[in-house]
Amino acid sequence: MPPIRSQNAQKLEQQEGRILLAIQAIQNKDIPSIRQAAAHFQVPNSTLAMRLSGRTPRANSRVNNHKLTETEEESLLNWILDLDLRGLAPRPETVREIADLLLKERGDNLPKTVG
């Protein structure tokens, strides 16, 4: 079953597609300027200019307040799912302790607790 998305999320996804088409049109020299491409594909001029200069889309970037890496989050999720398959439910304190252990093992300058 596909995920239910809000109308705003759907609009952003459609806009992302139009931005990619605009970038492709500019790179293929089908449209000579950023302003014309933005008008043609109905996307913000500034967004298109920033994307052409190399900025990654917000949806693809992780915000700075994540303490765990994606790999660490995936490991934690797999551990929780493994417990679930065994008929066990991890307590929130236990999940927090495992997350803290992952942070401690990394050994960088981040705080050693998740919460």
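Using numbering that gives the first Met the number 0, the first residue of the sequence shown is number 0, and each one after it goes up by one. Heads up, the beta-carbon is just placed ideally off N, CA and C, and yes, glycines get one too.
| query | result |
| --- | --- |
| Pair within 8 Å by beta-carbon distance, Ile-18 and Ile-25 | no |
| Endpoints, the alpha helix (DSSP H) within which Pro-91 is located | 91-105 |
| Nearest to Ala-21 (by Cα), restricted to the options Ala-36, Ile-97 and Asn-7 | Ala-36 |
| Ser-32 (DSSP reduced to helix, strand or coil) | coil |
| Ala-24, enclosing alpha helix (DSSP H) - first and last residue | 6-26 |
| Under the three-state DSSP convention, the category Arg-54 falls into | coil |
| Reference Leu-100; option with closest CA among Thr-112, Gln-9 and Gln-6 | Thr-112 |
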